[in-house]
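The working numbering numbers the first residue of the sequence shown as 2 and each following residue consecutively. Here a beta-carbon is modelled for each residue, glycine too, at the ideal position from N, C-alpha and C. Just so it is clear, the structure is predicted and the values come from calculations on it, not from any experiment.
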Amino acid sequence: MEVYQSRIDSFNKPKRIKPPSAKRATTIKWPHPSKVDALAEAGFFWQPTADDRDNVECFLCGKTLAGWEDDDDPFTLHWEKCKDKCGWAASRCGLVKDQDRKGNFVFKDAERLPMSKAMEKSRLATFKTDTPWPHDSVKGHGASSSKMAHAGFVYTPTSVGDDTATCLYCLVSLNGWEEDDDPLYVQSYVNSPHVKRS
Numbered sequence: 002m003e004v005y006q007s008r009i010d011s012f013n014k015p016k017r018i019k020p021p022s023a024k025r026a027t028t029i030k031w032p033h034p035s036k037v038d039a040l041a042e043a044g045f046f047w048q049p050t051a052d053d054r055d056n057v058e059c060f061l062c063g064k065t066l067a068g069w070e071d072d073d074d075p076f077t078l079h080w081e082k083c084k085d086k087c088g089w090a091a092s093r094c095g096l097v098k099d100q101d102r103k104g105n106f107v108f109k110d111a112e113r114l115p116m117s118k119a120m121e122k123s124r125l126a127t128f129k130t131d132t133p134w135p136h137d138s139v140k141g142h143g144a145s146s147s148k149m150a151h152a153g154f155v156y157t158p159t160s161v162g163d164d165t166a167t168c169l170y171c172l173v174s175l176n177g178w179e180e181d182d183d184p185l186y187v188q189s190y191v192n193s194p195h196v197k198r199s
C-alpha cells in the first residue's frame, strides 16, 4: 500500500466484513463523505473491522486509527501518535508542524531540519516497504535508498516496482534513476531550498 493511488482506491472499493455475532458477512462502504485524499496522503488505507467501520491503517508502521470526526486532521493525528516510530509520520505528516500559516517552512526544532540525521533516518524508512527500493539490489548504485534519503527524498512509487521519489520540501518528484545518478547533485540542480550549497 505504499502506492498513493492504491491507498485512495482502498476507500472507494466496498469491503465485506462479518461481525462476530452475525451469520453472514455484510458489504460496507467508507462511511464518511470526505477526507479520502488527506487520509491517503497521510499514509493511511481503509481497513475496516466489524467494530470500527472507519478503521484505517498506515502502510509503513501499521498504526490503526478509527472513530474519525469531521474536524480530525489525519496528518496531525499520525504525527502525534507515531512521530518516533514511523518514517512517513515523521517525514511527511510532520511537515504540518514545520510550516507557518502561509506554508513557509519554520523549523523550531533542530531535529526537524531537512538535513538532520533524524530526518534522514525517517526518510530512509520510507524506502523500506513491502516493495523495497528497486536500486538497493544493485551493488554500488548511485541512487541507493541511503543516498536518496540523504539527498532529501522519500519513496513515493506510482506503481509496484516504480522508482519515483519525492522531495517533500520542494515537491519535485523524479523517477528513472540510473546507476551513475547522484541524488544530492540532482537536488542542487533543481534548486531545492533545503540542500546545503558550498
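May I ask you to report which of helix, strand or coil DSSP gives residue i?
i: Thr167; result: strand
i: Ser146; result: helix
i: Val173; result: coil
i: His33; result: coil
i: Glu3; result: coil
i: Asp137; result: helix
i: Ser123; result: helix
i: Arg198; result: Only weak support is given to the placement of Arg198: the predicted model assigns it a pLDDT of 46, under 50, and the question is left unresolved by the model.
i: Phe128; result: coil
Sort the options by Cα distance to residue i and report the nearest one.
i: Arg124; options: Gly63, Lys118, Val155; result: Val155
i: Gly143; options: Ser160, Tyr186, Arg17, Asp52; result: Tyr186
i: Lys36; options: Ile29, Asp71, Gly63; result: Asp71
i: Tyr170; options: Phe45, Leu114, Phe60; result: Leu114
i: Asp31; options: Arg8, Ala23, Ala152, Cys87; result: Reading off the sequence shown, one finds Trp at residue 31, where the question assumed Asp. Checking every option, the nearest Cα to that of Trp31 belongs to Arg8.
i: Val161; options: Lys84, Asp182, Trp134, Ser147; result: Trp134
i: Glu180; options: Thr167, Cys168, Val139; result: Val139
i: Asp109; options: Phe12, Ser117, Lys98; result: Note on residue identity: the sequence assigns Lys, not Asp, to residue 109. Out of Phe12, Ser117, Lys98, Lys98 has the C-alpha closest to the C-alpha of Lys109.
i: Ser92; options: Arg102, Lys103, Met116; result: Met116
i: Gly88; options: Ala23, Ala150, Trp178, Leu172; result: Ala150
i: Thr127; options: Asp55, Gln100, Thr167; result: Thr167
i: Asp53; options: Asp73, Ile29, Gly44, Asp38; result: Ile29
i: Lys16; options: Gly104, Phe46, Asp38; result: Phe46
i: Asp74; options: Asp38, Asp101, Lys148; result: Asp38
Assuming contact is defined by CB atoms lying nearer than 9 Å, are residue i and residue j in contact in what I supplied?
i: Thr130; j: Glu3; result: yes
i: His33; j: Trp80; result: no
i: Leu40; j: Phe60; result: no
i: Lys86; j: Leu66; result: no
i: Thr27; j: Pro21; result: no
i: Thr159; j: Gln6; result: yes
List the DSSP bridge partners of residue i.
i: Glu58; result: Phe46, Thr65
i: Phe154; result: Cys168
i: Thr27; result: Ile18
For the ligand ATP, is there a heavy atom less than 8 Å away from the beta-carbon of residue i?
i: Glu70; result: In the structure on display, the ligand ATP does not appear, and there are no ligands present to speak of.
Would you list, in sequence order, the uninterrupted alpha helix (DSSP H) runs of no fewer than 4 residues that lie entirely inside the region 75-118?
75-83, 96-99
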